[in-house]
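Asker: Sharing a structure here in structure tokens format.
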Amino acid sequence: MDQARPRRVVVMTGATSGLGAHALQQIVAQSNTRVFIGARGSGRAVPDGVEVLPLDLASLASVREFAGAVIRKLGETRINMLVLNAGIHGSNAKQRSADGYGLTFAVNHLAHYLLARLLLPNMAEHSRVVITSSNMHDPPLKRIAPKALELQEWAHPTPNGPGAGIRSYTASKLCNMMTALSFARLNEVKARRINVVAFNPGLTGGVGGRDASVLQRAFVKFLTFTIFPLIGLFRSEFVMNTPEHSGNMLANVALGAISPLPGGIYVSLVEGEPTFPDPSELARSQDAQDRLWRESAAMVGIEEQPIIMGTPAAPESDLSR
Ligand SMILES: NC(=O)c1ccc[n+]([C@@H]2O[C@H](COP(=O)([O-])OP(=O)(O)OC[C@H]3O[C@@H](n4cnc5c(N)ncnc54)[C@H](OP(=O)(O)O)[C@@H]3O)[C@@H](O)[C@H]2O)c1
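Quick note on numbering: the numbering used here labels position 260 of the sequence shown as 824, and the sequence is numbered without any gaps.
This is the structure:
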């Protein structure tokens with residue numbers, strides 16, 4: 565392998581456990597590929613050849629340091645795949661990021677929003693950005709999904725409010741979906757033919773997250789082996805995928821083996837198979853997307869340019885017309 569001029573450069577979050585760790589194995593096994601992952605703590609066990617850089621998504625300063633470190637290491641070399649997969653599964657109203665925001669909103673949304681914006685200038689032509697979202701963002705599928713943008717509540721949660729508990733999670737996954745849709749609308753992204761994909765791995769068992777308490781892990785295990793398989797007999801979105809399978813599908817999406825339909829951005833696993841539904845109605849609202857974009861920029865300290873977006877990109881097949 566030519567180390568000096570790698571053919572493919574990958575930057576990934578959420579690659580240290582769960583489905584992301586399985587995706588990483590498949591990505592790093594590709595020939596001539598240089599992989600950077602952001603990870604908390606030191607001495608993380610990763611496949612040979614993976615370059616681990618410190619990243620705590622609960623701190624915007626850490627996100628900036630990580631992005632700076634990646635850019636310094638790459639120099640003129642561009643990024644071919646940015647995989648934003650890390651996530652926590654909800655937090656209570658007291659749990660805050662280093663910057664004082666609701667922890668789940670900060671880790672799952674704000675940190676990835678900032679990271680994507682910082683790395684966008686370093687993305688290659690025809691590169692791919694994958695953001696792991698969830699069908700939990702979509703009210704017809706999950707009743708606890710958000711029906712309105714309640715950004716102040718999500719950023720500064722109050723006990724039992726829409727920014728706390730499982731609702732902090734569904735809100736953050738809506739933000740992931742809307743961020744993907746907003747990036748796909750950027751003129752800069754369209755001009756450089758960058759593909760943006762939102763990925764839903766579907767219910768994936770065997771994971772609980774290292775942030776989860778013993779009680780939460782036991783509860784997840786109980787649901788995984790009793791309730792969900794029963795509900796899954798009647799409702800396909802409750803059919804459980806293994807982390808190996810969901811991880812392999814994430815890798816396939818990142819590597820371009822699975823793509824959204826032309827003009828779309830969403831790949832959603834249902835019973836383990838890729839489907840291509842529309843994002844939720846709220847996610848598709850351009851007014852809501854623009855508000856999330858603007859307010860997120862203010863929260864992470866980015867000064868906004870006046871005109872950043874156009875209409876959604878034409879499908880590849882339509883570009884020659
Ligand atoms: N599992 C499901 O049923 C399901 C369904 C739909 C969508 N998803 C989405 O899929 C993605 C992966 O989920 P999973 O179930 O595989 O979760 P997981 O096993 O808990 O793994 C989460 C990953 O995110 C990383 N992470 C969490 N907080 C971080 C922080 N502050 N700084 C840096 N990294 C951090 C974790 O790092 P550590 O190793 O340090 O903990 C880990 O690598 C998430 O975005 C999740 O929302 C999952």
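We put the CB at the ideal spot given by N, CA and C, even for glycine. Just so it is clear, the structure is predicted and the values come from calculations on it, not from any experiment.
Quick one: grab the DSSP three-state call for residue 610.
Answerer: Residue 610 falls in the coil class under three-state DSSP.
Asker: May I ask you to verify whether the region 689-703 touches the region 730-741, counting CB pairs closer than 8 Å and requiring at least 3?
Answerer: As far as the Cβ criterion goes, the region 689-703 touches the region 730-741, which means the pair count is three or higher.
Asker: For residue 524, name the three-state secondary structure that DSSP assigns.
Answerer: For the chain, the structure presents residues 565 to 885; residue 524 sits outside this window and is missing.
Asker: Might you give, ordered along the chain, the residues of its own chain that have their beta carbon closer than 7 Å to the beta carbon of residue 616, omitting 5 neighbours on each side?
Answerer: For residue 616, where only same-chain residues beyond five positions count, the Cβ hits under 7 Å are 601, 603, 608 and 610.
Asker: Using DSSP with H/G/I as helix, E/B as strand and the rest coil, what is residue 843?
Answerer: Three-state DSSP puts residue 843 in coil, outside helix and strand.
Asker: Thinking just about the alpha-carbon of each residue, which of 725, 574 and 806 is nearest to the one in residue 582?
Answerer: When only C-alpha atoms are compared, the closest one is 806.
Asker: Closest to residue 642 by CA distance: which of 687, 763 and 693 is it?
Answerer: It is 687 whose Cα lies nearest to the Cα of residue 642.
Asker: Below 8 Å between beta carbons: does that hold for residue 573 and residue 644?
Answerer: A contact, by the Cβ cut-off of 8 Å.
Asker: Which residue wins for smallest C-alpha separation from residue 653, given the options 842, 775, 788 and 716?
Answerer: Of the candidates 842, 775, 788 and 716, the one whose C-alpha sits nearest the C-alpha of residue 653 is 775.
Asker: In the structure shown, what three-state DSSP assignment does residue 646 receive?
Answerer: In this structure, residue 646 counts as strand in the three-state DSSP scheme.
Asker: Between the Cα of residue 727 and the Cα atoms of 625, 665 and 590, which residue gives the shortest distance?
Answerer: Answer by Cα proximity: 665.
Asker: Between residue 658 and ligand 1, is the CB less than 7 Å from at least one heavy atom?
Answerer: Not so, every heavy atom of ligand 1 lies at least 7 Å from the Cβ.
Asker: For residue 790 and residue 804, which I take to be in contact (beta-carbon distance under 8 Å), what is that distance rounded to the nearest angstrom?
Answerer: Not really, about 11 Å apart at Cβ, beyond 8 Å.
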